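K.L.:
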Amino acid sequence: MTLKPPKLVAWNLRGFNNPTKVSICKNLVQNHDIDLLFILEAKTNTNNLSNHWFQYQHRIFPFENSCDNFQHSNPGRIWVKWNAGSINFVPQSTTSQLVHGIIQIDAISTVAITAVYASNSHSERLSLWSDLQVISQSICTPWAIIGDFNCCRFTNEKAGGLPLSSSNLGDFNNMIFNTGMHDLASIGHFYTWFNQQSNNPIHIKLDRMLVNDLWLSTFPNSYYFVGEPSCSDHSPLLLMNAMNSKRGHRFLFKNYCIRIPEFWDCLLDTFSQTAHSSPLADFAFKLKSLKLKIKQRNWSNSNNIQKDIDLLTEQQANVLGLIQSNPLNDFLNNSLKSINTKLYFYQTTLSDWIVQRGKVNWLTQGEDDLKFLYSKINANRNYSNIKEITTDMGRFTDHHNISLAFINHFSKLFNPPNCIASSHSFPVGKVVPNHLISTLIAPVSEEEIKGIIFSGKKNAAPGPDGFTFEFYRACWDTIKHHICKAVSHFFTSCYMPKQIKNTAIALIPKLPHANCVKDFRPISLCNVIYKVIAKILANRMKNVMPSIIHHSQSGFIQKRMISDNIILATEILGKFNNNSRNKYFCAKFDITKAFDSVSREFIYKRLADKGFPDLFVSWIKACTDEVSFSVCINGSLEGYFQSRSGLRQGCPLSPYLFSIVMDALSNSMDEAISKSTYTAIASGNCVVSHLLFADDLLIFGNANLENAVTLNRIFKIFGDNTGLFVNPLKSTILISKDTPQAEAICNELQIIQSQCSVTYLGIPIFHKKQKISDFQPLIQKISSKLNGWTAKTLSFAGRVQLIKFTICNTLAYWIRGAIIPKGCCKVINRLCSRFLYFGNTDLKKLHILSWKDTCVPTLNGGLGIQSIDTLYHSFGCTLIWRFLTSESLLFSWWKACYHSLWKPLTGKTSSYWKFLYDKAQNIKHCIKMNVGFKSNLSLIWDPWLNGNSIANYFNCLELYRLSPYSSWAVKNIIMDDCWIVPECFGEDISSKIHDVEIMQDEDDLAWLNTSKPTASTFKLQFYSMSPVVPWHKFIWHKNNCLRYSAFAWLAFRNGLKTAQVLQSRGISVNNSCCFCHEGLDSTGHLFFECNFTFNIISQLLPWLKNRLMKPNLFQTFDSVLDQGFGNININYHLLSACAVIYYIWRARNDRIFGRKFDCSTTVTAKIRYAIAKKTLNWKG
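The sequence shown begins at 1 in the UniProt record's numbering and counts up by one.
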C-alpha cells in the first residue's frame, strides 16, 4: 500500500495577531482537511502563550497541540500547530529560523519536517543554511523542508525590481546542493510574494518545498499547491497527494525479458502462427498477441523481480549462517552457489530495467550508479507527473478531466476547422538532380532494414505498441523474415495500416511549474516498425537535401552546421553600427506551433514541385496521412483521435519534410530581392536576407518601412498556404541605433524592439560587445547539471562520465557560437574540478591533482576530459578546414569581408575572425595545399605556393599595387590546365608558380598525413608535444571498467589521499598502514609492499608469488604482459588488477572512517565476484 504524506500547510501570515487571520486559517484547515499548520512570521509575544484566553482565541484545531521557536526570537517567528487527534509532531531542534521535527505516519514509518522562516539578513541566512546541512547528516527518513526562504534559486523566479545575478543565489543553491534536496513539484501560482506596489511591482518565489530522495520514493505522487495570499503578501503552501486512480499503465517492453527463457517460448509460439492478413497488419497483430502473453507472466512485473531478490537475499543469509558452523558441508555450499547464481541473475535483471528507465545515454556503465539512476527516475517522475491542469473551462485535478483537457487541445490543433488548400505558386528553387532520382525509389534490402534496427537507441521510449529497438535487435534472428516481408510489402503496395502509424504523444514540461496545456511540449512516440520504414525514406532524402534546400537552412542538412548560423548572425550584427549612413534590422520570428500546424497537402505538392518521383511521394503520403494519436498521461494512454495536419516531432521524416516547406519561404525571400521589393544585407557579392534552423527564423535587411511591408506580405501568403503563421508576441527585433523609421518598422511587424541581447539557437547575440552577464545562462546551466542529488548519488566514475559527455557537450555547443570570456572559463573549470574530486562545487578542499593535468588525453596521463582550450582548438581547426574545403553561407560572407585567413588583419574585425586568424597562423605548417584547376584558394593570401603565400614575397607598397588581385582565387590564373600569371607578379614569382603542379581535380588539401582530418586528429595535434605515459595501456584497455580504471589512474598519478600525501601538504594524520600497522600509509606501500594487500593481489595474479621481491604498482601491471596471454586474458588480468586497487582503497577507508574491518579473504571474494559480473558477457 502506498503511503500518504501528512496533510500540512506552511504560510507566512505577516503576524498571527487578529481574529480575521485566525478565521482564514481555520477555513483553510477545514476546506483542505489539514492536520499540521506552520505559521511563519507569527509576530507573537512570548508572554501571550501563557494566557489561556489568547491560546483559546488562536486555536485552529479542536484537539490542538503546538510548539514554537519563540524562545529564540521575540516576537515569535514560527508557530507549529497540529491536530492531536490525527498526528503527533515531535520537535527535534529549533533555532531562530527553523523548527525541525518528526511525524509518525504509520506503525513503522516516520517522516522529518523542517519549517523555515529565513531572515532578511544574508549573514543570518548563512547560519540557517549551515543548520540545515547539519540536520541533513542525521536524516535517514523521508525529509521535507518547507517555508519562506527569503531568497530564490534562479533568476527567472523574480519579476520586477532589480534583476538578480546568479552569484546572489549561490549560497542558497549550495545548501540545496550539499543537502541533496530536490524542488518538489508544485501547482497553482508560480510567484509566492508580491510587494503590494502597483507603480513598481515585484513578484518573487520566496516560498517553496524541498524534499530528499527518500521522500520522492516514499511519496511519488506528492506535490504542493501555492494558494491565494488572501490576508497576507505571501501565498500559503499546501502539501498534497495526487489522486492515484486505478488505471493501467501502458505496456513497455522491459529489455531484461530477453534474459528470461520463458519469453523465447512466447516469442516462438506467437510468430509461428499462420498469417491471415497483409504482412504489415499481420506483424502488428503478432506484436499485440505477444504483448498479451508477456503481460500475463510474473517476470514482466519488476516488482516481482524485487521480491525474488529479497527472498534470495534472505535465503543467502540463512545458508551463510549454517555454513559458519559447518563450512565443508557439500549440500550447504552447493545451495549457496545456486542461490548466488540466481541472485546475480535477478540483480542484473533489475539493474537493466533501472538503466532502461533512467535513459541516461552518457552513463555507459549505469549498473555502477544505480543510486543515481533511482534518484533521477524519482525526480523525473515527480517533475513530469501531471497533478493539475488549468484551462478556459476551469481547474482539473482528476485523471479523467486532465486527460480530456489534453485530448481536446491536441484534437483541435491537429484538425484545424478549415483545411488549407495551397493555391499560390511559390518559386520552386532547386529540384532533385536527375542522377539522384533512382536512389530515392531503389528496392529495399535486408541489410538496409537491419542497419536501421541495430543503430537505434535501445533505451529510447517506444511507440504505442510498447516494443523497443532492443526487442527487435535481440529477436532479429527469429523475426527478421516477418520484419523484412512487412517492410517490403509497404514499398510495393504504398499502403500502411493505421495501427502501424498510430502515435503516442508524450508530454514534456517546458518549465518546473507547468500547470496549463501550453506549458507542455508534445513529443511523438512512433512504433519501431514505423520508424524503420520512415528511416529508410529519411536516409534517402538525406542524400538529396543538400542539392535542393536553400543555403540559408542549416537544420538537418548534411554538412551544414548549426554553429554556422550562430556565428554568421553575430558577424552580421557586428556591421549594424559600423556606418552611420546604413541602418539595418535583425528580426527573430517565432512560428506558432510550427510542426503541429503545417499543411500536409502543401508538403505533398511541394515534394512534387521539387522533382520527387510520384512513387516516393506516395510513400511519404502513406506514412504521414491519416495518423491517429493517443496522449500519454501519467503513464497511461488516453484518447484516440485522427489528424488532418501537422508533422510528428519524433518521426524521422519530419525534419526533412519541414525543411522542404520552409524552403518555399526562402525562395520567396530570394524572389523579393530579385524584384527589388526587399533589400537584404550584403558584403561584396554575398547577400544574406535570412537564416533558418528548422523553424528558427532570423531575418536581416535594411531598416526601412518598405522591407517591413514586404515581409508582412510574404508571411501572409506563406501562412495562408502552409498553415504556418508568425507569432508577434514571441518575436523580437534588433535595429541599428538612431534609425529614423525604427518605430514604424516595429508597428508594421507588430513586434517589440529589444535593447539587449537576443537568444538565438540557445546563444546570446547582439550588435554590441557582449558582457560576462550574457554568459550567465551557460554557468547556470552547468551548475544545474552538477546539482546536489547528482553529486551525492554519482560515483567518481559516474562524475567523470557526466563531465566528459554532458558538460563538455554543453561547452562545445557554446564554443561553436561564441568566444567565452576567460573569467567564465575559470568559473566553469572550478565548478567541474570541485564536482569531480569532491562531489561538491562549493567546498574548498585540498586539490591533489590539478584540473589542467586531469583534462589531457589518457595517452598523456589524463582522464580524457577535454579542456576548454582543447575544445576551442579542435573547433577552430575544424572551422578552418571547412573554410578551405567546403562551401557555406558563413564562408561566403567571410571571404567577401576578409578574403583569407592569412591576410593580415586591418580595421574592424570580429572576435571570432581574430580567433581563427591567430589559430590559422599557428597551424599553417600542418596544412599542405595541392592546387586543383578549379581552386578556390586565395591567390594572394593563402599559403599554397610551397607552403607560403604570394604576399610573403612582397613588401607593403608592392602589395598595394597588387590590390586588384586581392579577391582573386587561384583558379583565376589557370586556363586550359596552364598557369597564366599576370606580368606585375614578376619573373621570380612567376617561376615559383609554374613549378606548382596543377591537379586534375578539386583542391587536394592534407592535414599532416591525412586528407580527412577529424576532431580527434586536431586534438592529437594539440597534444603532440606532450609526453606519453607508459602505464596508460594498463588501465585504458579495450575492456576496461571505468569504475576501477579511474582509481587505478588516481594511484598511478599519486592522486589518492594517503597519509603520506596529506603530511606532505602540512596536514597531521596517523601515518601508519591500517592493514599491517608496519609501513607508511602511502601509494607505494599500499600497492603492493604491504603483506595484506600483496596477499590479495597474489591471489588474483598468482605468478607474483614467484617473485623474489614484492612488485610496485607499475611492475604488477607490467607482469601481466610478460605471461604470454592472448588479448582477452591480458585484459581480464589488467581489469582484475584495477579492481584490486579499487577494493583495497575502499577497504582502507572502511577501516579508517567506518570502523569496518574486512579480512583479505573477504576483500578477495568481493573482487572475484565483481570481476565475474563484469566479464560475464565478454566475447573472445
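Ideal Cβ placement from N, Cα and C applies to all residues, glycine included.
Please read these numbers as outputs of a predicted model, since none were measured by experiment.
Just the C-alpha distance for L13 and L573, rounded to the nearest angstrom, thanks.
P.N.:
By one-based count along the sequence shown, residue 13 stands at place 13. By one-based count along the sequence shown, residue 573 stands at place 573. Distance between the alpha carbons of L13 and L573 is about 51 Å.
K.L.:
Cα separation between V319 and D330?
P.N.:
Against the sequence shown, residue 319 aligns to sequence position 319. Against the sequence shown, residue 330 aligns to sequence position 330. Looking at the two C-alpha atoms, the distance is approximately 12 Å.
K.L.:
Taking the straight line between their C-alpha atoms, what separation do you get for I927 and E571?
P.N.:
As a first step, residue 927 must be located in the sequence shown, where it is residue number 927. As a first step, residue 571 must be located in the sequence shown, where it is residue number 571. Their backbone Cα atoms lie some 26 Å apart in a straight line.
K.L.:
Helix, strand or coil: which one does DSSP assign to W299?
P.N.:
Counting from 1 along the sequence shown, the entry for residue 299 is found at position 299. The answer is helix: DSSP assigns W299 an H, G or I state.
K.L.:
Which residue marks the beginning of the alpha helix (DSSP H) containing F331, and which one marks its end?
P.N.:
As a working mapping, residue 331 is identified with position 331 in the sequence shown. It spans D330 to G358 - the alpha helix (DSSP H) in which F331 sits, taken as one unbroken run.
K.L.:
Buried or exposed for Q197, going by 16 or more other Cβ atoms inside 10 Å?
P.N.:
As a first step, residue 197 is located in the sequence shown; it is residue number 197 there, counting from the start. Label assigned to Q197: exposed.
K.L.:
Quick one: residues in its chain with C-beta nearer than 8 Å to the C-beta of N543, no 5 flanking neighbours on either side, listed in chain order?
P.N.:
Here residue 543 refers to the residue found at position 543 when the sequence shown is read from its first residue. The residues are L436, T439 and Q558.
K.L.:
May I have the straight-line CA-CA distance separating C623 from R648, to the nearest angstrom?
P.N.:
Within the sequence shown, numbered from 1, the residue matching residue 623 stands at position 623. Within the sequence shown, numbered from 1, the residue matching residue 648 stands at position 648. Between C623 and R648, the C-alpha separation is close to 11 Å.
K.L.:
Could you say which of K822, H899 and D977 lies nearest to Y965 if we only look at CA atoms?
P.N.:
Numbered from 1 along the sequence shown, position 965 holds the residue referred to as residue 965. When each option's Cα is compared against that of Y965, the closest is H899.
K.L.:
Restricting to Cα atoms, I'd like to know which of S773, C1041 and L1005 is closest to I820.
P.N.:
Counting from 1 along the sequence shown, the entry for residue 820 is found at position 820. The candidate whose alpha carbon is nearest that of I820 is S773.
K.L.:
Between K908 and N578, how many whole angstroms is the CB-CB distance? I'm expecting something under 8 Å.
P.N.:
If you number the sequence shown from 1, residue 908 lands on position 908. If you number the sequence shown from 1, residue 578 lands on position 578. With 8 Å as the limit, K908 and N578 qualify as a contact, their Cβ atoms being about 6 Å apart.
K.L.:
Hey, is the region 271 to 280 in contact with the region 307 to 319, meaning 3+ C-beta pairs nearer than 8 Å?
P.N.:
They do not touch, by the three-pair rule.
K.L.:
Is DSSP giving F263 helix, strand or coil here?
P.N.:
Along the sequence shown, one-based indexing puts residue 263 at 263. Residue state, collapsed to three classes: helix.
K.L.:
Since L939 and V970 should fall inside the 8 Å C-beta cutoff, what is the C-beta to C-beta distance between them, to a whole number of angstroms?
P.N.:
As a working mapping, residue 939 is identified with position 939 in the sequence shown. As a working mapping, residue 970 is identified with position 970 in the sequence shown. Confirmed, Cβ separation roughly 5 Å.
K.L.:
Determine the direct distance from the alpha carbon of F1022 to that of G817, and round the result to whole angstroms.
P.N.:
Here residue 817 refers to the residue found at position 817 when the sequence shown is read from its first residue. Here residue 1022 refers to the residue found at position 1022 when the sequence shown is read from its first residue. Distance between the alpha carbons of G817 and F1022: 21 Å.
K.L.:
Would DSSP call Y1023 helix, strand or coil?
P.N.:
Taking the first residue of the sequence shown as position 1, residue 1023 is located at position 1023. The answer is coil: DSSP assigns Y1023 none of H, G, I, E or B.
K.L.:
Just checking, does the region 498 to 506 make contact with the region 211 to 222 on the three C-beta pairs under 8 Å criterion?
P.N.:
Touching, no.
K.L.:
Would the region 855 to 865 and the region 889 to 899 be scored as touching if the rule is three or more Cβ pairs under 8 Å?
P.N.:
With a cut-off of 8 Å, the region 889 to 899 and the region 855 to 865 do not count as touching, because too few Cβ pairs lie within range.
K.L.:
Please determine if the region 526 to 539 and the region 475 to 491 are in contact, where contact requires at least 3 C-beta pairs separated by less than 8 Å.
P.N.:
The region 526 to 539 vs the region 475 to 491: in contact.
K.L.:
With DSSP run on the structure shown, which of helix, strand or coil describes G366?
P.N.:
As a first step, residue 366 is located in the sequence shown; it is residue number 366 there, counting from the start. Its pLDDT being 47, under 50, G366 is placed unreliably by the model, and the measurement read from it follows with that caveat. Residue state, collapsed to three classes: helix.
K.L.:
Can you list the beta strand (DSSP E) stretches of 3 or more residues lying completely in the region 586 to 637, in chain order?
P.N.:
Within the region 586 to 637, the complete beta strand (DSSP E) runs of at least 3 residues are 628 to 633.
K.L.:
Relative to the alpha-carbon of T739, which residue among L889, P1027, A1172 and Y584 has its alpha-carbon at the smallest distance?
P.N.:
Against the sequence shown, residue 739 aligns to sequence position 739. The option with the nearest alpha carbon to T739 is Y584.
K.L.:
For I714, which residues of its own chain have a beta-carbon under 6 Å away from its beta-carbon, when the five flanking residues on both sides are left out?
P.N.:
Mapped onto the sequence shown, residue 714 falls at position 714. If we look at I714 and ignore the five residues flanking it on each side, its Cβ neighbours are S668.
K.L.:
Check T841 in the structure and name its three-state DSSP category.
P.N.:
Position 841 of the sequence shown, counting from 1, holds the residue named residue 841. Correct three-state label for T841: coil.
K.L.:
Do you know how far the Cα of D352 is from the Cα of N946?
P.N.:
Taking the sequence shown and counting its residues from 1, one reaches residue 946 at position 946. Taking the sequence shown and counting its residues from 1, one reaches residue 352 at position 352. Those two C-alpha atoms are separated by around 58 Å.
K.L.:
Mark Q1099 as exposed unless 16 or more other C-beta atoms lie within 10 angstroms of its C-beta, in which case mark it buried.
P.N.:
As a working note, residue 1099 is residue 1099 in the sequence shown. By the neighbour-count rule (16 or more Cβ atoms within 10 Å), Q1099 is buried.
K.L.:
For C516, which three-state DSSP category applies?
P.N.:
Start at 1 with the first residue of the sequence shown, and residue 516 comes out as number 516. Strand at C516.
K.L.:
To the nearest angstrom, how far is it from the Cα of K390 to the Cα of A514?
P.N.:
Within the sequence shown, residue 390 is the residue found at index 390, counting from 1. Within the sequence shown, residue 514 is the residue found at index 514, counting from 1. Looking at the sequence shown, residue 390 is not Lys but Thr. When rounded, the distance between both Cα atoms is 10 Å.
K.L.:
How would you write the range of the alpha helix (DSSP H) that Y472 sits in, first residue to last?
P.N.:
As a working note, residue 472 is residue 472 in the sequence shown. F469 to A474 is the span of the alpha helix (DSSP H), which, as asked, contains Y472.
K.L.:
Just to confirm before moving on: does the CB-CB distance between K43 and S66 stay below 8 Å?
P.N.:
Position 43 of the sequence shown, counting from 1, holds the residue named residue 43. Position 66 of the sequence shown, counting from 1, holds the residue named residue 66. The answer is no: Cβ separation not under 8 Å.
K.L.:
CB-CB under 6 Å to F1125, same chain, minus the five flanking residues each way: which ones, in chain order?
P.N.:
Counting from 1 along the sequence shown, the entry for residue 1125 is found at position 1125. Cβ within range, chain order: n/a, list empty.
K.L.:
Can at least three beta-carbon pairs, one atom from the region 198 to 210 and one from the region 173 to 186, be found at a separation below 8 Å?
P.N.:
The region 198 to 210, when compared against the region 173 to 186, does touch it at the 8 Å Cβ threshold.
K.L.:
What do you get for T192, buried or exposed, if any count of 16 or more other CB atoms within 10 angstroms of its CB means buried?
P.N.:
Walking along the sequence shown from the start, residue 192 turns up at place 192. By the neighbour-count rule (16 or more Cβ atoms within 10 Å), T192 is buried.
K.L.:
With H, G and I counted as helix, E and B as strand and the rest as coil, what does DSSP make of T710?
P.N.:
Mapped onto the sequence shown, residue 710 falls at position 710. The answer is helix: DSSP assigns T710 an H, G or I state.
K.L.:
Helix, strand or coil for D696? Go by DSSP, reduced to three states.
P.N.:
Numbered from 1 along the sequence shown, position 696 holds the residue referred to as residue 696. It is a strand residue.
K.L.:
Determine the direct distance from the alpha carbon of I735 to that of F658, and round the result to whole angstroms.
P.N.:
To locate residue 658, count along the sequence shown from 1; it is residue 658. To locate residue 735, count along the sequence shown from 1; it is residue 735. If I take the Cα positions, the gap works out to 29 Å.
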